[in-house]
Amino acid sequence: RITAVLPYYGYGRQDRKHRPRVAITAKLVATLLATAGADRVLTMDLHAGQIQGFFDIPLDNLYATSVLVEEIRKLDIEALTVVSPDLGSVKRARAVARFLEAPLAIIDKRRPKENVSEVMNIIGDVEGRSVLLVDDMIDTAGTICQAASALKKKGALEVYGMATHPVLSGEAVERIEASPFKKLLVTDTIPLSDEKNLEKIQVVGVGHLLAEAIDRIHNETTVSSLFLKFEDI
Numbered sequence: 024r025i026t027a028v029l030p031y032y033g034y035g036r037q038d039r040k041h042r043p044r045v046a047i048t049a050k051l052v053a054t055l056l057a058t059a060g061a062d063r064v065l066t067m068d069l070h071a072g073q074i075q076g077f078f079d080i081p082l083d084n085l086y087a088t089s090v091l092v093e094e095i096r097k098l099d100i101e102a103l104t105v106v107s108p109d110l111g112s113v114k115r116a117r118a119v120a121r122f123l124e125a126p127l128a129i130i131d132k133r134r135p136k137e138n139v140s141e142v143m144n145i146i147g148d149v150e151g152r153s154v155l156l157v158d159d160m161i162d163t164a165g166t167i168c169q170a171a172s173a174l175k176k177k178g179a180l181e182v183y184g185m186a187t188h189p190v191l192s193g194e195a196v197e198r199i200e201a202s203p204f205k206k207l208l209v210t211d212t213i214p215l216s217d218e219k220n221l222e223k224i225q226v227v228g229v230g231h232l233l234a235e236a237i238d239r240i241h242n243e244t245t246v247s248s249l250f251l252k253f254e255d256i
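For the sequence shown, the positions run 24 to 256 when my numbering is used.
Next up, the structure:
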């Protein structure tokens, strides 16, 4: 048996045709993995849950939320509101808000072009409160940093962030450094180079979660308990 362990499924955002005559890359990679001989895939925080349907072999999609939430609790943040940076992240942010027993706010934005977003409105009260932005990944950091600035302008006291995959491409490092973030929690699904290890960024290890899943898969025991309570994310 061959289990492919991909903590970050790199083509997760290419889950649909954005123009004619292009491949749906998330599906193509799923097919290539099976063709190459993989019997099972283990990954973490897929960009869209529907990607699981692209696979013709078993796929286990773990969530880093449990690990990140525990680290957020250690920060002992007072008057916390969880914020979704866009409508697509509402489900994830709602789950985090429930586990932290915090209210939820939502940022309504639009994308005039790829990797560019504009904040249109903030739904929910953030004035005088600490806020936690929740997303699955940070790529160019444009969306999350713009959201952080908008929340500050609306009266948020402190801005925190959490995301599973720190892609940090382009000018992401410079944007985060210049942003109002007090602390940004990410996981080690993507190793950070020295120049990306900013003081604002705290890396949380998820190796133990993957190791437990690998052990259960190898010994043919259930992995359901590792992610069942986050199944609505």
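Note that the Cβ used here is the ideal one computed from N, Cα and C, for glycine as well.
As assigned by DSSP and simplified to three states, the class of A128
Taking the sequence shown and counting its residues from 1, the one referred to as residue 128 is at position 105. Strand.
Using a 10 Å radius around the Cβ and a threshold of 16 neighbouring Cβ atoms, would you call V92 buried or exposed?
Residue 92 sits at position 69 when you count from the first residue of the sequence shown. Counting Cβ neighbours within 10 Å, V92 comes out buried, since at least 16 surround it.
Using the C-alpha atoms, what's the distance from V157 back to E197?
The sequence position of residue 197 within the sequence shown is 174, counting from 1. The sequence position of residue 157 within the sequence shown is 134, counting from 1. Answer to the nearest angstrom: the Cα atoms are 20 angstroms apart.
Work out the CA separation of S192 and L215 for me, nearest whole Å.
Here residue 215 refers to the residue found at position 192 of the sequence shown. Here residue 192 refers to the residue found at position 169 of the sequence shown. Their backbone Cα atoms lie some 11 angstroms apart in a straight line.
Cβ distance (whole Å) where A171 is taken to contact F204 below 8 angstroms
The residue given as residue 171 occupies position 148 in the sequence shown. The residue given as residue 204 occupies position 181 in the sequence shown. About 6 angstroms separates the two Cβ atoms, so the contact holds.
With H, G and I counted as helix, E and B as strand and the rest as coil, what does DSSP make of L191?
Indexing the sequence shown from 1 puts residue 191 at position 168. In the structure shown, L191 sits in coil (DSSP, three-state: anything other than H, G, I, E or B).
What does a CB cutoff of less than 8 angstroms around A236 pick up in its chain, not counting 5 residues either side in sequence?
Along the sequence shown, one-based indexing puts residue 236 at 213. Contacts found: L65, D83, L85, V246 and L249.
Measure the CB-CB distance between I129 and A173 and report whether it falls below 9 angstroms.
In the sequence shown, residue 129 corresponds to position 106, counting from 1. In the sequence shown, residue 173 corresponds to position 150, counting from 1. In this structure, A173 does not lie closer than 9 angstroms to I129 by Cβ.
Could you name the residues of the same chain whose beta carbon sits closer than 8 angstroms to that of L233, not counting the 5 residues immediately before and after it, in chain order?
Start at 1 with the first residue of the sequence shown, and residue 233 comes out as number 210. Excluding positions up to five away in sequence, the list reads V28, P30, L65, M67 and L85.
Beta-bridge pairing of I146 - partner residues as DSSP gives them:
Within the sequence shown, numbered from 1, the residue matching residue 146 stands at position 123. According to DSSP, which records beta bridges pairwise, I146 is partnered with I129.
Output the distance between the C-alpha atoms of T48 and T58, rounded to the nearest integer angstrom.
Residue mapping note: residue 48 aligns to position 25 of the sequence shown, counting from 1. Residue mapping note: residue 58 aligns to position 35 of the sequence shown, counting from 1. About 15 angstroms.
If you drop the 5 nearest sequence neighbours on each side, which residues of the same chain put their C-beta closer than 8 angstroms to that of R39?
One-based indexing of the sequence shown puts residue 39 at position 16. Result list for R39: I47, in chain order.
Pull up the DSSP beta-bridge partners for R63, would you.
What you label residue 63 is simply residue 40 of the sequence shown in a count that begins at 1. Its beta-bridge partners are T26.
Whose C-beta lies closer than 7 angstroms to the C-beta of L56 among residues of the same chain, with five residues either side of it excluded?
On the sequence shown, residue 56 is found 33 positions in, with the first residue counted as 1. Excluding residues within five positions, the ones whose Cβ falls inside 7 angstroms are A27 and V64.
Other residues of its chain near G33: CB distance less than 7 angstroms, five sequence neighbours each side excluded
For the purposes of this step, residue 33 is taken as the residue at position 10 of the sequence shown. Listed in chain order, the non-local C-beta contacts of G33 below 7 angstroms within the same chain number zero, local neighbours out to five positions each way being set aside.
Sorted by chain position, which residues of the same chain lie with C-beta nearer than 8 angstroms to V227's C-beta, five sequence neighbours on each side aside?
The count along the sequence shown starts at 1 and reaches residue 227 at position 204. The answer, listed in chain order, is A87, V90, L91, E94, L208, V209, T210 and D211.
Where does L215 sit, in a helix, a strand or coil, going by DSSP?
Here the question's residue 215 lines up with position 192 in the sequence shown. Coil at L215, not helix or strand.
My understanding is that D62 touches R115, with C-beta atoms under 8 angstroms, so please give their C-beta distance in whole angstroms.
Locating residue 62 in the sequence shown gives position 39, where the first residue counts as 1. Locating residue 115 in the sequence shown gives position 92, where the first residue counts as 1. In fact, because the Cβ distance is near 29 angstroms, the residues do not count as touching under 8 angstroms.
Contact set for E254: own chain, Cβ-Cβ below 7 angstroms, skip 5 residues either direction:
What you label residue 254 is simply residue 231 of the sequence shown in a count that begins at 1. At E254 the pLDDT is 49, less than 50, meaning the model places this residue with poor confidence and gives no usable figure here.
Within 10 Å of its beta-carbon, does H231 have 16 or more other beta-carbons around it, so buried, or fewer, so exposed?
In the sequence shown, the residue the question calls residue 231 occupies position 208. It counts as exposed.
Cβ of E200 within 9 angstroms of Cβ of K223?
As a working note, residue 200 is residue 177 in the sequence shown. As a working note, residue 223 is residue 200 in the sequence shown. Yes, the pair counts as a contact, with Cβ atoms nearer than the cut-off.
Can you tell me whether F78 is helix, strand or coil according to DSSP?
On the sequence shown, position 55 is the one that residue 78 refers to. Looking at F78 - three-state DSSP - the assignment turns out to be coil, as it is neither helix nor strand.
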